Amino acid sequence: MKKTKVAIVNPSYGADFVRVARWAAKSRGRVQRHPEYLLIAAQVLRDAGHEVIFVEAAARNLSPEETYKIVEDFKPELSVIHATTPSIFNDIEHAKALKEKTGCKIAFVGQHVTAETDDTFNISGGAVDYILRREYDYTLLDLANKVEAKNIPGMSWTDGINIIHNPPRHDLDVNVLPFPAWDLIKPEWYPDAGKKFPFLTLFSGRGCNNACTFCRDPQTMYGYKLRMRDAKLVCDEMEYDLKIHPQIREIMFETDTFAANKDHVIAVCNEIIRRGLNKKVSWSCNMRINTDLELLPLMKQAGCRMLMVGFEFGYDEALRAVKKGGVSVEMARKFAFRAEELGFTVHGCFMIGAPGETKETARKTIDFAKSIPMDTVQITGIAVYPGTEMYRWAKENGYLIAKDWREWLTLEREQKTLLSYPQLSNADIDRLIDEGLKEFYLRPKQMWKMLLSIRSLGDVLRKLYGLKAFLGYFIDKNKNK
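Quick note, the numbering used here runs 3 ahead of the 1-based positions in the sequence shown.
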């Protein structure tokens, strides 16, 4: 089989735009996210003998012209672009330029184009040849292998006149996936004040067994079937990460619900301990508050340092309004205090703007965040993305203020409040977000807690980066008032 030259492109969209995060934007914390899904797909292609380059323009803040030059020099037959909701017109401009300069075919991947396939083709003006819907690892391989377009499941394409949607591809077996092609990036490109630096991310599974209305990835990409990788493979990947980039100091398990399967957590932790990986590198993970608390001591023993916890709201009615099943505020409180007791660093994720929320009820979330032990927080408006139940509901009821994909962010590419209710305007939500961040971080008790957590020069540098990001967000915001 003749090999195909494939350029995988993660385009820039203004300074510090974070393309592969759950909210594509310039983040308030000024972080960057690793493109692990793109790099898994890259390795699938390489394992099959194809020639691949990866252009990380987003994390490196490369200009469009720099991106075009790299791709043009490579002379690909196929270019793959990860597209997002707010950057879709920018991504189409990249597609047009790459097609004009190289004559290559263009494939788009990602959550937005999966949810808005027809719209993407229609606004692309012929620049996009293929859209690889949902999990695209082996759809892309079929395309590189030159399987006839009509025979590639999971792909939509155009014959120049019509848009054709092939049948969906079945959920793949996560145990057959290769490790990401980490040799194509440098961990130092991805700062994050909350993580030990440098670090890498790792997905121990795909899918989610919950049905939160706002959560984009299960609804648009990976489905509601929880598919966890074998514990041996998870630890093999940790060892691979350390071999490829021995300088890394932490691994972040980016799995949406790492601890949803108790047996999986026990198996992974025991395997980490058996191999002594807990003595070589720390790790962090995303957690739900209905996790079995009996798992926490074992996780701590296995080297888990930080828990990224989706608390979301500070009152039960809001949790039910977004279908955050099986959780309660009391459960969240118990989780937070037990995590502190065991010595975990806790990062809490909160939102403003639940259906039915008022200024008074939103204050409950801010007050709750201040009442439980946490090291850091993020507070955002609900990110309403195409393909989610929350998006459909907001659009049908006239609560979505953005009328164009370019309106998903501010002019500075910052996160933008997308919802506005009769009883809680988007200006109210913005004000409450800023109040919550200031009230949480500027308490003497919290500042003292953060100072006491410093144990090394690395901790000092992370705290300084976080302080710079915190001040920078508010300074930039005041400049643009």
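The beta carbon of each residue, even a glycine, is placed where N, CA and C say it ideally should be. Since the structure is predicted, the reported quantities are computational estimates derived from the model, not experimental observations.
query                                                                                                                                                                                 : result
Helix or strand or just coil, what does DSSP make of H85?                                                                                                                             : strand
Can you tell which of S90, G317 and P389 has its C-alpha closest to the C-alpha of K367?                                                                                              : G317
Once you ignore the five residues that flank D239 on each side, which residues in its own chain have a CB closer than 8 angstroms to its CB?                                          : F182
Check M241 in the structure and name its three-state DSSP category.                                                                                                                   : helix
Which full runs of the alpha helix (DSSP H) of 4+ residues lie inside the region 385 to 414, going along the chain?                                                                   : 392 to 399
Can you give me the C-alpha to C-alpha distance between P358 and Q426, rounded to a whole angstrom?                                                                                   : 10 angstroms
Measure the beta-carbon distance from L143 to L48 and round it to whole angstroms, keeping in mind my assumption that it falls under 8 angstroms.                                     : 7 angstroms
State the CB to CB distance for the pair G208 and R232, rounded to an integer number of angstroms; the pair is presumed to be in contact (CB under 8 angstroms).                      : 6 angstroms
Could you say if the region 399 to 412 and the region 369 to 376 meet the contact criterion of at least three C-beta pairs nearer than 8 angstroms?                                   : no
Could you spell out where the alpha helix (DSSP H) holding A365 opens and where it closes?                                                                                            : K362 to S374
Quick one: give me the first and last residue of the alpha helix (DSSP H) that M290 is part of.                                                                                       : Run containing M290: none in the alpha helix (DSSP H); it sits in the beta strand (DSSP E), S285 to M290.
With which residues is F77 paired in a DSSP beta bridge?                                                                                                                              : Its beta-bridge partners do not exist; DSSP assigns none.
May I ask which residues mark the beginning and end of the alpha helix (DSSP H) holding A110?                                                                                         : Looking at the DSSP string, A110 is not in any alpha helix (DSSP H); the run it does join, the beta strand (DSSP E), is K108 to V112.
Specify whether the region 314 to 329 and the region 344 to 356 touch according to this definition: at least 3 beta carbon pairs, one from each stretch, less than 8 angstroms apart. : yes
Taking Q418 as the reference, give the member of L81, S90, I56 and F77 with the closest Cα.                                                                                           : S90
Mind checking which residues open and close the beta strand (DSSP E) that includes T260?                                                                                              : No beta strand (DSSP E) contains T260, which DSSP labels as neither H nor E.
Is the beta carbon of M241 closer than 7 angstroms to that of I254?                                                                                                                   : yes
Report the three-state DSSP secondary structure of W26 (helix, strand or coil).                                                                                                       : coil
Between the C-alpha atoms of K6 and D50, what's the straight-line distance to the nearest angstrom?                                                                                   : 11 angstroms
Are there 16 or more other CB atoms within 10 angstroms of the CB of M393, so buried, or fewer, so exposed?                                                                           : buried
Please return the same chain residues whose Cβ sits closer than 7 angstroms to the Cβ of W160, not counting the five positions on each side in sequence.                              : D132, Y133, A152 and I167
What are the start and end residues of the beta strand (DSSP E) that includes I11?                                                                                                    : K8 to N13
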